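Protein chains: 2
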Amino acid sequence: MERRHFLTALGLGLGGGAFATPVVAQSRPEIRWTMATAFSADLDILQGGAEFLAGRVATLTAGRVNIGLDPTRSAGSGARILDDVGTGAVPMALTASYNALDKEPALAFDTALPFGLNARQQNAWMYHGGGLALFRELLADHGVVPFPAGNTGSQLGGWFRREINTVQDLNGLKVRVSGLAGDVLKRLGAAPQNTPSADLGRALEQGTLDAAAWVGPHDDRRLGLHKAARYCYYPGILEGNAQISCYVNRQAWERLAPEDREAIDAACADANLWVTSRYDALSPVALKQLVAEGALLRPFPLDVIRAAYRAAEEQLDALASGNPWFRKIHDSWKPFRDDQHLWFRIAESSFDRFASLRPGDKGRN
Amino acid sequence: MERRHFLTALGLGLGGGAFATPVVAQSRPEIRWTMATAFSADLDILQGGAEFLAGRVATLTAGRVNIGLDPTRSAGSGARILDDVGTGAVPMALTASYNALDKEPALAFDTALPFGLNARQQNAWMYHGGGLALFRELLADHGVVPFPAGNTGSQLGGWFRREINTVQDLNGLKVRVSGLAGDVLKRLGAAPQNTPSADLGRALEQGTLDAAAWVGPHDDRRLGLHKAARYCYYPGILEGNAQISCYVNRQAWERLAPEDREAIDAACADANLWVTSRYDALSPVALKQLVAEGALLRPFPLDVIRAAYRAAEEQLDALASGNPWFRKIHDSWKPFRDDQHLWFRIAESSFDRFASLRPGDKGRN
Numbered sequence: 001m002e003r004r005h006f007l008t009a010l011g012l013g014l015g016g017g018a019f020a021t022p023v024v025a026q027s028r029p030e031i032r033w034t035m036a037t038a039f040s041a042d043l044d045i046l047q048g049g050a051e052f053l054a055g056r057v058a059t060l061t062a063g064r065v066n067i068g069l070d071p072t073r074s075a076g077s078g079a080r081i082l083d084d085v086g087t088g089a090v091p092m093a094l095t096a097s098y099n100a101l102d103k104e105p106a107l108a109f110d111t112a113l114p115f116g117l118n119a120r121q122q123n124a125w126m127y128h129g130g131g132l133a134l135f136r137e138l139l140a141d142h143g144v145v146p147f148p149a150g151n152t153g154s155q156l157g158g159w160f161r162r163e164i165n166t167v168q169d170l171n172g173l174k175v176r177v178s179g180l181a182g183d184v185l186k187r188l189g190a191a192p193q194n195t196p197s198a199d200l201g202r203a204l205e206q207g208t209l210d211a212a213a214w215v216g217p218h219d220d221r222r223l224g225l226h227k228a229a230r231y232c233y234y235p236g237i238l239e240g241n242a243q244i245s246c247y248v249n250r251q252a253w254e255r256l257a258p259e260d261r262e263a264i265d266a267a268c269a270d271a272n273l274w275v276t277s278r279y280d281a282l283s284p285v286a287l288k289q290l291v292a293e294g295a296l297l298r299p300f301p302l303d304v305i306r307a308a309y310r311a312a313e314e315q316l317d318a319l320a321s322g323n324p325w326f327r328k329i330h331d332s333w334k335p336f337r338d339d340q341h342l343w344f345r346i347a348e349s350s351f352d353r354f355a356s357l358r359p360g361d362k363g364r365n
Numbered sequence: 366m367e368r369r370h371f372l373t374a375l376g377l378g379l380g381g382g383a384f385a386t387p388v389v390a391q392s393r394p395e396i397r398w399t400m401a402t403a404f405s406a407d408l409d410i411l412q413g414g415a416e417f418l419a420g421r422v423a424t425l426t427a428g429r430v431n432i433g434l435d436p437t438r439s440a441g442s443g444a445r446i447l448d449d450v451g452t453g454a455v456p457m458a459l460t461a462s463y464n465a466l467d468k469e470p471a472l473a474f475d476t477a478l479p480f481g482l483n484a485r486q487q488n489a490w491m492y493h494g495g496g497l498a499l500f501r502e503l504l505a506d507h508g509v510v511p512f513p514a515g516n517t518g519s520q521l522g523g524w525f526r527r528e529i530n531t532v533q534d535l536n537g538l539k540v541r542v543s544g545l546a547g548d549v550l551k552r553l554g555a556a557p558q559n560t561p562s563a564d565l566g567r568a569l570e571q572g573t574l575d576a577a578a579w580v581g582p583h584d585d586r587r588l589g590l591h592k593a594a595r596y597c598y599y600p601g602i603l604e605g606n607a608q609i610s611c612y613v614n615r616q617a618w619e620r621l622a623p624e625d626r627e628a629i630d631a632a633c634a635d636a637n638l639w640v641t642s643r644y645d646a647l648s649p650v651a652l653k654q655l656v657a658e659g660a661l662l663r664p665f666p667l668d669v670i671r672a673a674y675r676a677a678e679e680q681l682d683a684l685a686s687g688n689p690w691f692r693k694i695h696d697s698w699k700p701f702r703d704d705q706h707l708w709f710r711i712a713e714s715s716f717d718r719f720a721s722l723r724p725g726d727k728g729r730n
């Protein structure tokens, strides 16, 4: 074969003085994957995180690993996504693991628990406290390799049609929530619902829902929830963070070259940071807009928070005693959480508590 | 040229059935860089972050981009590191930008300010609030391209030989601090010092220092500061986070292929997440050890915090009126900070405040 012809066949070309400097040439197959997401189109920060992740992998691999987002595969239920990635129907997906609680209750720890970790504490546990290794082990049985790939930060407590002054006010209330929060609300007498996001505004307006917790100010405002139910409760005691997970089919993962695995691993970690910092940057702006548009901010009464805390602890203990995987992960998570709360009580929370006072209150003589 | 021979010359080899699937071959020069760091060897999490960063780049590029840590270039002053990277004496370094305040006071915003942002808020401002773009512009004049590449989170307020009950107790106190914290302490009557870490324990024991703020429980314990000065004050009002920055020489950066730039960019973002979550995971453990070993935890009195806040605001205003770059960055940072505090007051801080109560206080009827 003639030399020039052969180089062209390899796709190397001849420009750029490639022979003037030492080279390491790589020969790897092109990879074209589809990525499903569990997020409806209105969640633009999470969709943006999916695009960021795919773009990062493409650039890192000089276009060789191409991950395409398939909109027809989006907004599926979390349980179906777990199956689809596990069987290889799609090689990759972004989801919130707690959407598949019916299959694996322990997946709650991979997203959020009532009175659980905040976003930073979740990362500390996942990357340096043994959390991620536990989910790798749990999901290996489902044919899935998971990665943290985003976090919404602390969510809002929810939009209520009426004020909540006592625990009794929750009685019989139809409240849209996600994950284990539903079990906690049930213990408090409410009736948890799983209404799709597109129907939330109308259901609140018509009173088929009494309240709805969706995400935070940015996403909630895009759905217009504040126009349908004006009382906005905080803090998001039932969801102090919500981690997004990237699932990769196990066989597909094992076939990847080391540098392609690293590209996906790095892109997921970057997406984790990108999504959290984007929510953090946009939340205050949206919160001010919500208030200007008529939202009435209300803190949950302390009695309600305490009752919810007790119900959440009971629920975790009940699940831990009935499910070996839940117990195994709970045994890692709970002491880690308690230590984090100790440290945050001394350092982060006491700094934030003063820093987040109104400027006039901070400078007072 | 014979085909097999030619492939070997290109370093492609012939194994692995490379011709059975479509391939995109890349031909890029090998890169061997040295990375300096500003951190003494005792800072094992920051050194670990440097190794993580270099390892990530090596794996992403299949070993083609090799970044070696040069211990003889470590622990240099921040100002020298800025010059060394700018002139190309080293292509890359990890540092805390506020070590070069003498050259550029505005670099304080690239690390930490008294009563400034916490680690998450810093990321929100850097990645999505315009912060990073400002430092890219500022440091272009110095021949440097900067990246956030780590964060210690909120630090401890410092180790004091005697209790601090009033602002007057700070008068004449020789206190080791970093960055703009020194100017704030000077306004409160103290005498800020810049003692190297290796001398801190002895200086506190001998009383040539009255107090020292170093990092947090993990790093402070490794230096044995609690044995030399038992009163550990919190929160770290003068350093609610400390971002680590990666500097890359501008010409070296511009010569890189797009995928190599992306590898460095991704590795820096990952190191940012890795370092923060590692500090978060190890801080509670070290704090408990410190207390077991005799440290006496004390909150700063509210009057001291308020006086320090007023002094910090005066100092920022003075710098902003005297330095155009400081003013330009301050004008972006300050409204962003105030918005972040509004959002954290409602959501993150109010969640953390309850969550970080002692379990008995949370569940009380």
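In order, the protein sequences belong to chains Z and L.
The first sequence finishes on residue 365 if you use our numbering, and the numbering steps up by one all the way, no holes.
The second sequence finishes on residue 730 if you use our numbering, and the numbering steps up by one all the way, no holes.
Yeah, the Cβ is synthetic: ideal placement off N, Cα and C, and Gly gets one too.
Quick caveat: nothing in here was measured; it's all calculated off a predicted structure.
Using a C-beta to C-beta distance shorter than 8 Å, which residues of chain Z count as neighbours of residue i?
{"i": "S715(L)", "result": "Y234, P235 and P299"}
{"i": "S624(L)", "result": "Just to set this straight, residue 624(L) is Glu in the shown sequence, not Ser. Per Cβ cutoff of 8 Å: T59, L60, T61 and A62."}
{"i": "N483(L)", "result": "E348, F351, D352 and A355"}
Expressed to the nearest angstrom, what Euclidean distance is found between the alpha-carbon atoms of residue i and residue j?
{"i": "W343(Z)", "j": "A58(Z)", "result": "39 Å"}
{"i": "A286(Z)", "j": "P235(Z)", "result": "16 Å"}
{"i": "S648(L)", "j": "A133(Z)", "result": "21 Å"}
{"i": "G240(Z)", "j": "D317(Z)", "result": "19 Å"}
{"i": "K334(Z)", "j": "A685(L)", "result": "46 Å"}
{"i": "S350(Z)", "j": "G88(Z)", "result": "47 Å"}
{"i": "G451(L)", "j": "V145(Z)", "result": "42 Å"}
{"i": "I329(Z)", "j": "Q558(L)", "result": "47 Å"}
{"i": "P22(Z)", "j": "A631(L)", "result": "With a pLDDT of 38 at P22(Z), under the threshold of 50, the modelled position of that residue is not reliable, and the figure given next carries that caveat. Distance between the alpha carbons of P22(Z) and A631(L) is about 25 Å."}
{"i": "S462(L)", "j": "Q121(Z)", "result": "26 Å"}
{"i": "G728(L)", "j": "A140(Z)", "result": "37 Å"}
Indicate whether at least one CB of chain Z lies closer than 7 Å to the CB of residue i.
{"i": "L652(L)", "result": "yes"}
{"i": "W690(L)", "result": "no"}
{"i": "R552(L)", "result": "no"}
{"i": "W708(L)", "result": "yes"}
{"i": "D635(L)", "result": "yes"}
{"i": "R587(L)", "result": "no"}
{"i": "Y674(L)", "result": "yes"}
Hey, does residue i have any beta-carbon neighbour from chain L nearer than 7 Å?
{"i": "L273(Z)", "result": "yes"}
{"i": "P284(Z)", "result": "yes"}
{"i": "F160(Z)", "result": "no"}
{"i": "D339(Z)", "result": "yes"}
{"i": "P22(Z)", "result": "Note that P22(Z) scores a pLDDT of 38, beneath 50, so its modelled location is shaky; the value from the coordinates is reported in the next line. Closer than 7 Å: yes."}
{"i": "L225(Z)", "result": "no"}
{"i": "G294(Z)", "result": "no"}
{"i": "G182(Z)", "result": "no"}
{"i": "F115(Z)", "result": "yes"}
Short check: CB of residue i to CB of residue j, under 7 Å?
{"i": "A473(L)", "j": "G544(L)", "result": "yes"}
{"i": "L425(L)", "j": "E259(Z)", "result": "yes"}
{"i": "A676(L)", "j": "V549(L)", "result": "yes"}
{"i": "Q399(L)", "j": "D435(L)", "result": "The residue you asked about is not Gln; residue 399(L) is Thr in the sequence shown. In this structure, D435(L) lies closer than 7 Å to T399(L) by Cβ."}
{"i": "D110(Z)", "j": "F147(Z)", "result": "no"}
{"i": "L297(Z)", "j": "P217(Z)", "result": "no"}
{"i": "A673(L)", "j": "I602(L)", "result": "yes"}
Going along chain Z, which residues have a C-beta under 7 Å from residue i?
{"i": "Y492(L)", "result": "W274 and S277"}
Kindly list, in the order they appear in chain L, the residues whose Cβ is closer than 7 Å to that of residue i.
{"i": "A124(Z)", "result": "S642, D645 and A646"}
{"i": "R353(Z)", "result": "S714 and R718"}
{"i": "G240(Z)", "result": "F716 and A720"}
For residue i, which residues in chain Z fall below 9 Å Cβ to Cβ?
{"i": "Y794(L)", "result": "Outside the shown range of chain L (366 to 730) lies residue 794(L), about which nothing can therefore be said."}
{"i": "A631(L)", "result": "R56, T59, L60, A263, A266, A267, A269 and D270"}
So residue i contacts chain L; which residues on that side make the cut at Cβ distance below 8 Å?
{"i": "L156(Z)", "result": "A712"}
{"i": "E262(Z)", "result": "R421, T424 and L425"}
What in chain L is Cβ-close to residue i, meaning under 9 Å?
{"i": "I305(Z)", "result": "F719 and K727"}
Name, in chain order, the residues that DSSP records as bridge partners for residue i.
{"i": "K174(Z)", "result": "A191(Z)"}
{"i": "N151(Z)", "result": "Q243(Z)"}
{"i": "W159(Z)", "result": "A212(Z) and C232(Z)"}
{"i": "M491(L)", "result": "DSSP output for M491(L) lists no bridge partner at all."}
Hey, is residue i's beta-carbon within less than 7 Å of any beta-carbon in chain C?
{"i": "F39(Z)", "result": "The structure shown has no chain C; the protein chains it does contain are Z and L."}
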